[in-house]
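A.B. asks: Next up is a structure, given as structure tokens.
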Amino acid sequence: MAAIDLALLTRIGLPLYLVAFFGVVMVWRSYLIWRRTGLNPYVLTRGDDTHGYVGGLFRSTLIAVVVIVALFAITPQGYAYLAPITWLDTRPVTVTGLAVLTAALVWVSAAQQQMGDSFRIGVDAAHATELVKRGLFGVSRNPIFLGMLGMLLGLFLVLPNAASLAVCVLGYALIQIQVRLEEEHLTRLHGDAYRAYQNAVRRWL
């Protein structure tokens, strides 16, 4: 019975989790910043340069996450085509994944709150932003990206299959590239202040 309850929890809870995660990470925080500043914090570009290419892959990765969860929640037959990794589909692994997902949501929400109006989705070369070093940014230079990595890892642990593994690996690679693009931008914007911050705080933890 416990295993059935856990399966029902994940089937119902994962779609709700995605609504909460993306609602907090992208929609709600972006709306608040737009209301306060008049600026759209979503600045992932479309184009043939590095920023546009990475941005396009980011969007594709997020769409893939939604598709994986939707197939799991709606159609077990469709989910079977994602090549489930059955030896990882155990209660301890699922519980661990759910805990990681929950921690990632709380972590990202706190980091966004601490980042305030400096939060951007992508590199905003048109508007200067504050160099945030408080709160979680005092222990990690990229706590929001770290939380997103946690979300991808948690999803894989809860739904271990070939597609979620591919999304996890691709998401990790894209975040590593995006972090370095943003570091170049912040170095140009803040100069020695950002270099000192780099020396004082690790990129991740």
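Its first residue numbered -9, the sequence shown is counted upward by one per residue in the numbering used here.
The beta carbon of each residue, even a glycine, is placed where N, CA and C say it ideally should be.
This structure is a prediction, so every number in the text was calculated from the model and none was measured.
(1) Does the beta carbon of Leu164 sit closer than 8 Å to a beta carbon anywhere in chain D?
(2) For a test of the three-state rule: what should DSSP assign to Pro272, helix, strand or coil?
(3) Between Leu47 and the rest of its own chain, which residues show a CB-CB distance below 6 Å, the 5 nearest in sequence each way excluded?
(4) Would DSSP call Asn151 helix, strand or coil?
(5) Which residue's Cα is closest to the Cα of Gln104: Asp114, Val122, Ala118 and Ala116?
(6) Report yes or no: do three or more beta-carbon pairs, one from the segment 85 to 92 and one from the segment 135 to 147, lie closer than 8 Å?
(7) Thinking Trp194 and Gly140 are a contact (beta carbons under 8 Å), I'd like their distance in whole angstroms, please.
(8) Once the 5 residues before and after Gly68 are set aside, which same chain residues still bring their CB inside 7 Å of it?
(9) Hey, is the segment 176 to 194 in contact with the segment 71 to 80, meaning 3+ C-beta pairs nearer than 8 Å?
C.D. replies: The short version:
(1) Although the question refers to chain D, the structure presented lacks it and comprises just one protein chain.
(2) Any property of residue 272 remains undetermined from this structure, which presents the chain solely from -9 to 195.
(3) So the qualifying residues of the chain are Leu164.
(4) The three-state reading of DSSP puts Asn151 in strand, counting E and B together.
(5) Out of Asp114, Val122, Ala118 and Ala116, Val122 has the C-alpha closest to the C-alpha of Gln104.
(6) Contact between the segment 85 to 92 and the segment 135 to 147 is present, because at least three Cβ pairs lie under 8 Å.
(7) Between Gly140 and Trp194 the Cβ distance is about 11 Å, and since that is not below 8 Å, they are no contact.
(8) Excluding the 5 residues flanking it on each side, Gly68 has same chain C-beta neighbours closer than 7 Å at Leu61, in chain order.
(9) Judged by Cβ distances under 8 Å, the segment 176 to 194 makes no contact with the segment 71 to 80, as fewer than three pairs qualify.
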